[in-house]
Structure formats: C-alpha cells, structure tokens
Amino acid sequence: MNPLARNDQLRRSTDGIGTGRLVSDGTKSRRGETRSMRAFRLAYDGRPFHGFQRQPTVPTVEGTLFDALRELGVLDPDERKPSGYAAAGRTDRGVSAVAQTIGLAAPEWLTPRALNGVLPGSIRAWAHADTESFHATHDAVAREYTYQLHAPAADGERARTVLRRLAGEHDFHNFTPDDHNTIRTLAGEIERDGEFLIVTLRAGGFSRQLVRRIVTFVRNVATGDASLSMVDRALSDETLSGPDGIAAAPAAPLVLTGVDYSGLDFRVDSEAAASARELFENIRTEATTRARVAGEIEQRIE
1 MNPLARNDQL RRSTDGIGTG RLVSDGTKSR RGETRSMRAF RLAYDGRPFH
51 GFQRQPTVPT VEGTLFDALR ELGVLDPDER KPSGYAAAGR TDRGVSAVAQ
101 TIGLAAPEWL TPRALNGVLP GSIRAWAHAD TESFHATHDA VAREYTYQLH
151 APAADGERAR TVLRRLAGEH DFHNFTPDDH NTIRTLAGEI ERDGEFLIVT
201 LRAGGFSRQL VRRIVTFVRN VATGDASLSM VDRALSDETL SGPDGIAAAP
251 AAPLVLTGVD YSGLDFRVDS EAAASARELF ENIRTEATTR ARVAGEIEQR
301 IE
C-alpha cells in the first residue's frame, strides 16, 4: 500500500476522527478532524540542507517537513505553518540532529511512521508525545550538542582544562555573531576516542555558532596554537578580532543530541526508529567505504 493510501486508511480507522467531536484542548481543522498538541522527535542528516529554518529558495529541514505535512493534508496550501507549531532549535547549515523536537496540533493518525511515509530518507521521525499544551522552543529546559572533533595532536587534558574554565555563566560575546542574549550557562565534557575529541556541550539555549566557536577555541588551545591565557581574554569585555578572533568550526561534525522537557514522555515508534537507524547505518557504511577508498589511493601514491 502506498504511503498516502495507508494514511487515508489511518484517518478513516481512528476513533472519533472526522466526526467533529472535540477533545480537551482540541482544535478542529478545516476538514473537521479533531487535533491536539503532539510533539515529535526528528533525526536528520543535515548535509543536504541549508539549515533547519525554512527559507524560500533553498532546501531546509523545516521547509521539507512543511511540504510533507501539506502532502498529508495536515497543513493547508495557503497556511504558512501548522497550528501550534514550534521547533526546539534552528540548526545551522550542515548540522545534523537526533533529538530535534517539533510540536503542532496534530490529528490522531499523524504518527512518526505516517510522517516518514512522505518525508525524504534524510529526515526521520522516530518518537512522539501527546500533551495538553506544548511549545517546543520555550518549554525546553536544556539542549545538548555533540561535536566529533578530529584532533589527533590535541592534548586532551589541556582541552578539558579549557572547557572547565568556560563552564558556568559567562558572557560569550566573543563566541557568537549575535550582539544580544550572549550570556549563557554552559556545562559539558570532553572525551578522547582515538584520533577524535568528543566535545559535548549543554545549556538552556545556545547563541548562533556558539558550539562551533567553542570547539575551535578548545582545539586551538589544546594543540598549542593559543595559550591558556586566551581563555580570560575571550571571556572578558574585550572584543577579539583579526588574528585573535574565533572562527566557527565546520558544521558537519556537529549533532543536536538532546533536548529535555519536564514531564514529557516520548513514546518510541519501533518501525519509525528502525527506519531511522537504517538511514544512519547506510550513511556510516557509505562513509567508511569512502574512507577506505581514500586510504587505498593515499597508500598507492609513491
């Protein structure tokens, strides 16, 4: 059965849908379906997209999601966004996610697997939670990003020293292009895994490029390209520019790995989760194969 036919069957078979019956805090769509707030967890490969937030002329995760909702009839063609819609974060171009969270007023039949039936393979919904009221942005109590930093020559203990000094509440104006809301409370850890440093950062929210600029700063100090005294300068009122300015690390190694909500119980859709795991297993296999090919070429060049 094709995805749209399967979703039509889901609509017909769901108790109460299409009868006009309202539930607590429910809203009614133009087609008469009862809708209530539902949160979804999304995983995606950020490489094909120009970031999360919808843009009119380039592919984005949010724009692709809205196209899928229109195809399912959840979002009317003349509507900008679904009723009650919000997202946990706006990941930059090339950044991936396993815990991006969106919320919208959804009909009962709109499950992760129904979404996956019309989403491209690079985006997978894998869990959902029902709630009387929900705002994916404002209700998030913590967000977590993980960066896979290839740094074989970096001193791991020196990197951890830098991060300890950056932890806590600071004005991170030197770590973001933003000129407001730059005071953040940061926590995190760094682990060595072979040639990589795994940098995990947590905060209630992140300014633009904050994670990637912190990664650059940690790498520079850990490799000896910058001194530990730069930590105090970076956190001071001084604006670092020119050769002392902090550039953003590449986006591709960054993943949104966690978004926490108080009292929200996500239910994993086993079929949808299996589809998501298959997607990223295929990506991992492809990348491993490319790495072996590159290694073969490298070794044969005399």
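Going left to right, the sequence shown walks through residues 1 to 302 as UniProt numbering numbers them. We treat Cβ as the ideally placed atom computed from N, Cα and C, and that holds for glycine. Since the structure is predicted, the reported quantities are computational estimates derived from the model, not experimental observations.
Collapsed DSSP secondary structure at residue i in the structure displayed
i	result
Q299	helix
D130	strand
R93	coil
H173	helix
G46	coil
G16	With a pLDDT of 31 at G16, under the threshold of 50, the modelled position of this residue cannot be trusted, and the question is left open.
P107	strand
V98	strand
S36	strand
G63	helix
L240	coil
R80	coil
F280	helix
R41	strand
R192	strand
V118	coil
D139	coil
L186	strand
A222	helix
R202	strand
R208	coil
R70	helix
T257	strand
Nearest-angstrom Cα separation, counted from residue j out to residue i
i	j	result
A287	E132	42 Å
L69	L104	11 Å
A140	G224	37 Å
R292	R212	28 Å
D92	P48	12 Å
P207	L240	Looking at the sequence itself, residue 207 is Ser, so the reference to Pro does not match. Rounded to the nearest angstrom, the two C-alpha atoms are 17 Å apart.
T57	L228	43 Å
Y85	D178	25 Å
S236	I214	15 Å
G156	T257	22 Å
I171	T182	One point to set straight first is that residue 171 is Asp, not Ile, in the sequence displayed. Looking at the two C-alpha atoms, the distance is approximately 6 Å.
F175	H50	21 Å
G205	E79	29 Å
R300	R160	38 Å
T285	R233	43 Å
A276	K81	25 Å
T289	E238	46 Å
S122	V98	12 Å
W109	H180	41 Å
Nonlocal neighbours in the same chain, by C-beta distance under 7 Å from residue i, ignoring five residues either side
i	result
residue 328	The structure shown does not extend to residue 328, since the chain is modelled only from 1 to 302, so the question has no answer here.
L264	A39, A129 and T131
F134	M37, A39 and G103
N116	R124, A125, A272 and S275
Spatial neighbours of residue i in its chain, beta-carbon cut-off 6 Å, leaving aside the 5 residues before and after
i	result
L42	Q100 and A125
F217	I246
I102	F40, A87 and A136
L119	A68
residue 306	What is shown of the chain runs 1 to 302, which leaves residue 306 out entirely.
E71	V118
E191	I198
S262	V141
E189	T200
E169	T185
Cβ separation of residue i and residue j, assumed to be a contact under 8 Å, to the nearest whole Å
i	j	result
F280	A129	Going by Cβ atoms, the distance from F280 to A129 rounds to 22 Å, so no, they are not a contact pair.
E195	P250	With a Cβ gap of about 16 Å, E195 and P250 do not count as contacting.
residue 322	R143	The chain is shown from 1 up to 302; residue 322 falls before or after that span and cannot be answered.
A273	Q209	Contact doesn't hold; Cβ gap of about 31 Å is too wide.
L149	V199	6 Å
I283	D76	Not really, about 34 Å apart at Cβ, beyond 8 Å.
A187	R202	5 Å
Same chain, Cβ closer than 8 Å to residue i, neighbours up to 5 away in sequence not counted
i	result
D269	T111, P112, R113, A125, W126, A127 and H128
I297	none
A226	F217 and N220
Near the ligand GTP: residue i beta-carbon under 7 Å from a heavy atom
i	result
G245	Among the components of this structure there are no ligands whatsoever, and the ligand GTP is therefore not found.
Contact under 8 Å by Cβ, residue i with residue j
i	j	result
V162	V95	no
M74	Y145	Sequence inspection shows Val at residue 74; the Met mentioned does not correspond to that position. No, Cβ-Cβ distance for V74 and Y145 is not below 8 Å.
R219	A154	yes
Y147	P243	no
Neighbour flag for residue i against chain C, beta carbons, 8 Å
i	result
A105	Note that chain C does not occur in the displayed structure, where there is just one protein chain.
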